[in-house]
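Q:
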Amino acid sequence: MSGAAAAVLAWALLAGALLPPPPVRPLPHGDRQVHEKEAQFNTTYSDWVHANMLNIYAFNHSVRRNRTEGVRVSVNVLSDQKDQPVLFVVRQKEAVVSFQVPLILRGLYQRKYAYQEVSRTLCQPQTKAEVETQHFYVDVSTLSLNTSYQLRVTRVENFVLRTNERFSFNATAAQPQYFKYEFPEEVDSVIVKVTSAMAFPCSVISIQDILCPVYDLDNNVAFIGMYQTMTKKAAITVQKKDFPSHSFYVVVVVKTEDEACGGALPYYPLSKNASPGLQWGCLRGLCGDKVGTGQRAEPCPCLLLDEPVDQHNRQKTLEVMVSPAITSEAYVRSVLFCLGIFLSFYILTLLIACWEGCRQHKRKGLLAAMDSPSLDTGHSRGIPSSFLNHGSYDSYGYGSFGNGSSSSTEGVTDSLGSAEVSYSYVGERSLENVAGRPRLDSLSSVEEDDYDTLADIDYDKNVIRTKQYLCVADLARKDKRVLRKKYQIYFWNIATIAVFYALPVIQLVITYQTVVNVTGNQDICYYNFLCAHPLGNLSAFNNILSNLGYVLLGLLFLLIILQREINYNRALLRNDTHALECGIPKHFGLFYAMGTALMMEGLLSACYHVCPNYTNFQFGECPPSPPHPHRGPPRPSDRCAPPDTSFMYMIAGLCMLKLYQKRHPDINASAYSAYACLALVIFFSVVGVVFGKGNTAFWIVFSVIHIVATLLLSTQLYYMGRWKLGEEHDSGILRRILHVLYTDCVRQCSGPMYVDRMVLLVMGNIINWSLAAYGLIVRPNDFASYLLAIGICNLLLYFAFYIIMKLRSGERIKLIPLLCIISTSVVWGFALFFFFQGLSTWQKTPAESREHNRDCILLDFFDDHDIWHFLSSIAMFGSFLVLLTLDDDLDCVQRDKIYVF
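Residues -26 to -1, 1 to 875 (mature numbering (1 follows the signal peptide of the UniProt record, and there is no 0)) are what the sequence shown spells out, left to right.
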């Protein structure tokens, strides 16, 4: 034999010695050893099995029709042969349960976990006889050479849960638990509460019908019934009508991994035989020849080569309690309570209207009985000022020049005098038009371009609006017919937006609710499960009902505005001089838009609470963030905000516009410009929610845009719109701005021309720059709320400035607006207290969010967030009334004596 042949033979012999022996081939079924034995409960059987052996354990037990006992099979395989597991098959009358040991369960990215100890509760077949003896068999087989195991069958104590009684137990991923609950005759619905002192390991609570088999493993628990993940707290409301047998199983499963509950993925050792490059790729979540190429790869299939991990002490102690839910009488009582609260505002409004009507009737009688001089004389009427509810405005000072000095008085006189000389004919022409124009004239001839133009007196605009001291008459010169049409567009635009906005949202939430009802996945919606009362197909009717206040109070506000507009139009028809020349000019379009926005806020908030989750923003089209390779699916904090947030932006914007319109009716923004700006805000909200988290570039860009927009708006407000960029005669505006700053601030050090406006704008810039810096430094996760906070801060600042300047100008606040301000402030305080209770949060997973759930606190039906709905709707309604009645004290004051600020 040659040397080469000898070497080959030696290598062949060596390889044969190192290879494992071939598996033992099972004998034909007739030649296999079948060992069958009668077995007893509560007895541990230590035995062994191999490929040519089948062990059968026969059990029998008595089943009573009115009593249910659980049977639990526990096995422990002592041999460590993962490639050749032991198969256990439990044959019952109406079901067969089989499982292998070691039990292999899959985790994220096909990670494998092995369990040597397995316990399963057997499904209990129903019996019609009073007492019946049932038999079941446990078959044990394997393909291994020799495997030892232990088998024990026991009866489950407290298998049937009792109402309002707590029961504690332990569970693991391979040793799930389930219990039975039977509805009492007088109970139609119950709430199943499961608690644990430990957050992890993550677990799943499932409610399943009395059917065999019971799905009680991590890989099949979501197949039927209702289920939700759990850390420390879970609650599921169950209705008797959904279960024909009037009973159900409460299934508790511990998951193999904690990622679904917000926990970290465990360390996963790789196979020792895997190459280093393959191991590195698996750790990165990459695979194949894409490793190291920089290309996007799918989750790693090479993990199939990994060794299963044995999770030894992954056990959780839990406590379950089933308690009756509320009755149908509680639903009726809660609905009547909700209606009673808000309908009482209708009654109160009607009483106040009757009282005000009586006062107006008495005032008209007194005015008719007394001689009243013409308003053109400038002298006060011969009526007691206490009756007219205002003092003498002739002596009022304004802002910084109301100090009694002679120079200031001359400035006021000159200002008023110049105003009368320059455009007194405009007011006369306006009065003639109002008196002579038929009320039902068609307005279709009014072109859109006419709404904001005064081309024939453009020079006068530049002179009048840049005066140091302005009166309302200076900014109320446009034709009332044109302005009325202009501000009506606010209402029609928001009504159109509401229709196109609400219909897709309604369709979306109906789809979400259907998915929840069909799949049973209660992790889709972020309810307060401890206070979620279903009605029909709705899972949380109480959260929807509590939004009724927005709709009812918004409708009431619209009715109040309608009544005011009717009274005002009647006054115009009879040429009432007070309506024509006195008080703040009455424009109701923005008020109608505010009332509509309040109603839409309630509608969209109710839609959101049908299934509150992170994809209900806008039309539900917010794209989810891509999954992290080590973190799995996107977290709630990676996604979006509720749909009613958009109308919160609109309400804040409309309130600021209305407050500005009061003293600047001619130069207020058009509806198209206003809604375009609000659309831009909503656009930034979407972009910030989707891409803003942890994105430094986005926060830099947004902060720059925020600051630049603040400066541009400040300039627009300071110069009353009498400046332009891009015009031919303004090509050097930047150079002139620097020149003015140099001459006024450096050389002469003179103060600003418009002191009060400057104070407001400086404060506004400080606040907005601070908010921009806060966002850039902190980068809050909830960008939508951050953006809303910017709008609310600016609204509060402007409102406080308006109140202060109103009082400084010698004006006063009447009783009704004063009461509205005080009561609204108090209600807002309580509302914000309940809002910040935090019954759920998107910054965490659904399981972690449920840790914040709380029981109902009002009528056993409403929770903290429902009370926020009640109080915030009342507070918004009160805020609108403040804006409506704030300047009622000026109704008998000429507009050339009402100052602009």
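No residue lacks a Cβ here, since even glycine has one placed at the ideal position from N, Cα and C.
#1: With respect to the beta strand (DSSP E) encompassing L77, which residues constitute its N-terminal and C-terminal limits?
#2: May I ask which residues mark the beginning and end of the beta strand (DSSP E) holding T18?
#3: Please name the residue in V675, S308, K780 whose C-alpha comes closest to that of L833.
#4: By the three-class DSSP mapping on this structure, what secondary structure does C556 have?
#5: When the Cα atoms are used, what is the spatial distance from E159 to K214?
#6: Does DSSP classify H9 as helix, strand or coil?
#7: Hey, V178 and I210: beta-carbon distance below 7 Å or not?
#8: Let's see if you can read the secondary structure: which residues bound the alpha helix (DSSP H) around I471?
#9: Can you look up L864 in the DSSP assignment and give me helix, strand or coil?
#10: Roughly how many angstroms separate the alpha carbons of V479 and C651, rounded to a whole number?
#11: Quick check: D861 and I558, are their CB atoms within less than 7 Å of each other?
#12: Quick one: give me the first and last residue of the alpha helix (DSSP H) that A545 is part of.
#13: Measure the beta-carbon distance from V296 to Y155 and round it to whole angstroms, keeping in mind my assumption that it falls under 8 Å.
#14: Flag this pair as yes or no: are the beta carbons of G528 and L572 separated by less than 7 Å?
#15: Would you mind giving the Cβ-Cβ distance between S122 and W22, rounded to the nearest angstrom? I have them listed as a contact below 8 Å.
#16: In whole angstroms, give me the CA-to-CA distance for G494 and L654.
#17: I think I184 touches G199, with their Cβ atoms under 8 Å apart; what is that distance to the nearest whole Å?
#18: Quick one: residues in its chain with C-beta nearer than 6 Å to the C-beta of K452, no 5 flanking neighbours on either side, listed in chain order?
#19: Apart from the five residues just before and just after A580, which ones in its own chain have a Cβ nearer than 7 Å to its Cβ?
#20: State the start and end residues of the unbroken alpha helix (DSSP H) segment that holds Y646.
#21: Classify V178 as helix, strand or coil using the three-state DSSP reduction.
#22: Where E539 and F562 are concerned, what is the direct C-alpha to C-alpha distance, given to the nearest angstrom?
#23: If you count every other CB in all the chains shown that lies within 10 Å of the CB of N516, and 16 or more means buried, which is it?
#24: Using the Cα positions of L858 and G803, report the straight-line distance between them to the nearest angstrom.
#25: Spatial neighbours of L504 within its chain, please: C-beta separation below 7 Å, excluding the five flanking residues on both sides.
#26: Under three-state DSSP, which class holds T619?
#27: Rounded to a whole number of angstroms, what is the C-alpha to C-alpha distance between R140 and V212?
#28: Per DSSP, which one or two residues make a beta bridge with V114?
#29: Going by DSSP, which residues form a beta bridge with C445?
#30: Excluding sequence positions up to five away, which residues of its chain have a Cβ less than 6 Å from the Cβ of R126?
#31: With H, G and I counted as helix, E and B as strand and the rest as coil, what does DSSP make of N516?
#32: Determine the DSSP secondary structure at I681, reduced to helix, strand or coil.
#33: Is it buried or exposed for H839, if we count other Cβ within 10 angstroms and need 16 for buried?
#34: Let me confirm a value: G331 is counted as buried when at least 16 other C-beta atoms fall within 10 Å, else exposed. Which label applies?
#35: Going by the CB atoms, is the gap between V92 and V70 shorter than 7 Å?
#36: Whose C-alpha, out of V584, M622, N755, S744, is nearest the C-alpha of N669?
A: According to the structure shown:
#1: Your numbering for residue 77 matches position 103 in the sequence shown. From DSSP, the beta strand (DSSP E) with L77 extends over 77 to 80.
#2: Residue mapping note: residue 18 aligns to position 44 of the sequence shown, counting from 1. Per DSSP, T18 belongs to the beta strand (DSSP E) from 18 to 23.
#3: Against the sequence shown, residue 833 aligns to sequence position 859. Of all alpha-carbon atoms in V675, S308, K780, the one lying nearest the alpha-carbon of L833 is that of S308.
#4: Taking the sequence shown and counting its residues from 1, one reaches residue 556 at position 582. If DSSP states are grouped into helix, strand and coil, C556 belongs with the strands.
#5: Translated into the one-based positions of the sequence shown, residue 159 becomes position 185. Translated into the one-based positions of the sequence shown, residue 214 becomes position 240. When rounded, the distance between both Cα atoms is 10 Å.
#6: If you number the sequence shown from 1, residue 9 lands on position 35. If DSSP states are grouped into helix, strand and coil, H9 belongs with the strands.
#7: On the sequence shown, position 204 is the one that residue 178 refers to. On the sequence shown, position 236 is the one that residue 210 refers to. Taking 7 Å as the Cβ cut-off, V178 and I210 do not qualify as a contacting pair.
#8: Within the sequence shown, residue 471 is the residue found at index 497, counting from 1. Per DSSP, I471 belongs to the alpha helix (DSSP H) from 454 to 493.
#9: The residue labelled residue 864 in the question sits at position 890 within the sequence shown. It is helical.
#10: The residue you call residue 479 lines up with position 505 of the sequence shown. The residue you call residue 651 lines up with position 677 of the sequence shown. Using only the alpha carbons, I get a separation of about 22 Å.
#11: Here residue 861 corresponds to residue number 887 of the sequence shown, with the count starting at 1. Here residue 558 corresponds to residue number 584 of the sequence shown, with the count starting at 1. Cβ atoms of D861 and I558: closer than 7 Å.
#12: The sequence position of residue 545 within the sequence shown is 571, counting from 1. Note, A545: alpha helix (DSSP H), 522 to 547.
#13: Here the question's residue 296 lines up with position 322 in the sequence shown. Here the question's residue 155 lines up with position 181 in the sequence shown. Sure, about 5 Å apart at Cβ, within 8 Å.
#14: In the sequence shown, the residue the question calls residue 528 occupies position 554. In the sequence shown, the residue the question calls residue 572 occupies position 598. With contacts defined as CB atoms closer than 7 Å, G528 and L572 qualify as a contacting pair.
#15: In the sequence shown, the residue the question calls residue 122 occupies position 148. In the sequence shown, the residue the question calls residue 22 occupies position 48. Here S122 really is in contact with W22; their C-beta atoms are around 4 Å apart, less than 8 Å.
#16: Taking the first residue of the sequence shown as position 1, residue 494 is located at position 520. Taking the first residue of the sequence shown as position 1, residue 654 is located at position 680. If you take the alpha carbons of G494 and L654, they lie about 38 Å apart.
#17: Sequence index remark: in the sequence shown, residue 184 carries index 210 (1-based). Sequence index remark: in the sequence shown, residue 199 carries index 225 (1-based). In fact, because the Cβ distance is near 11 Å, the residues do not count as touching under 8 Å.
#18: Taking the sequence shown and counting its residues from 1, the one referred to as residue 452 is at position 478. These residues qualify, in order along the chain: D640.
#19: Here the question's residue 580 lines up with position 606 in the sequence shown. So the list reads I518, N521, once near-sequence residues are dropped.
#20: Along the sequence shown, read from residue 1 onward, the residue named residue 646 stands at position 672. Here the alpha helix (DSSP H) through Y646 covers 645 to 665.
#21: Taking the sequence shown and counting its residues from 1, the one referred to as residue 178 is at position 204. Correct three-state label for V178: strand.
#22: By 1-based counting over the sequence shown, the position of residue 539 is 565. By 1-based counting over the sequence shown, the position of residue 562 is 588. Going by the C-alpha atoms only, they are around 7 Å apart.
#23: Numbered from its first residue, the sequence shown carries residue 516 at position 542. That one is buried.
#24: As a working note, residue 858 is residue 884 in the sequence shown. As a working note, residue 803 is residue 829 in the sequence shown. So the two alpha carbons sit approximately 21 Å from each other.
#25: On the sequence shown, residue 504 is found 530 positions in, with the first residue counted as 1. Excluding positions up to five away in sequence, the list reads A209, N827, R828, D829.
#26: By 1-based counting over the sequence shown, the position of residue 619 is 645. T619 falls in the helix class under three-state DSSP.
#27: Residue numbering aside, residue 140 sits at position 166 when the sequence shown is read from its first letter. Residue numbering aside, residue 212 sits at position 238 when the sequence shown is read from its first letter. Cα to Cα, the separation comes out at about 17 Å.
#28: Here residue 114 refers to the residue found at position 140 of the sequence shown. V114 pairs with N29, F62.
#29: Your numbering for residue 445 matches position 471 in the sequence shown. DSSP lists Y873 as partners of C445.
#30: As a working note, residue 126 is residue 152 in the sequence shown. Setting aside the 5 residues that flank it on each side, R126 is surrounded in the same chain by T18, S48, each with a C-beta closer than 6 Å to its C-beta; the list follows chain order.
#31: Position 542 of the sequence shown, counted from the first residue, corresponds to residue 516. In the structure shown, the three-state DSSP call for N516 is helix.
#32: Along the sequence shown, one-based indexing puts residue 681 at 707. I681: helix per DSSP, three-state reduction.
#33: Residue mapping note: residue 839 aligns to position 865 of the sequence shown, counting from 1. Counting Cβ neighbours within 10 Å, H839 comes out buried, since at least 16 surround it.
#34: As a first step, residue 331 must be located in the sequence shown, where it is residue number 357. Flag for G331 reads exposed.
#35: On the sequence shown, residue 70 is found 96 positions in, with the first residue counted as 1. On the sequence shown, residue 92 is found 118 positions in, with the first residue counted as 1. For V70 and V92, no; Cβs fall outside 7 Å.
#36: Taking the first residue of the sequence shown as 1, we reach residue 669 at position 695. The shortest C-alpha separation from N669 is found at N755.
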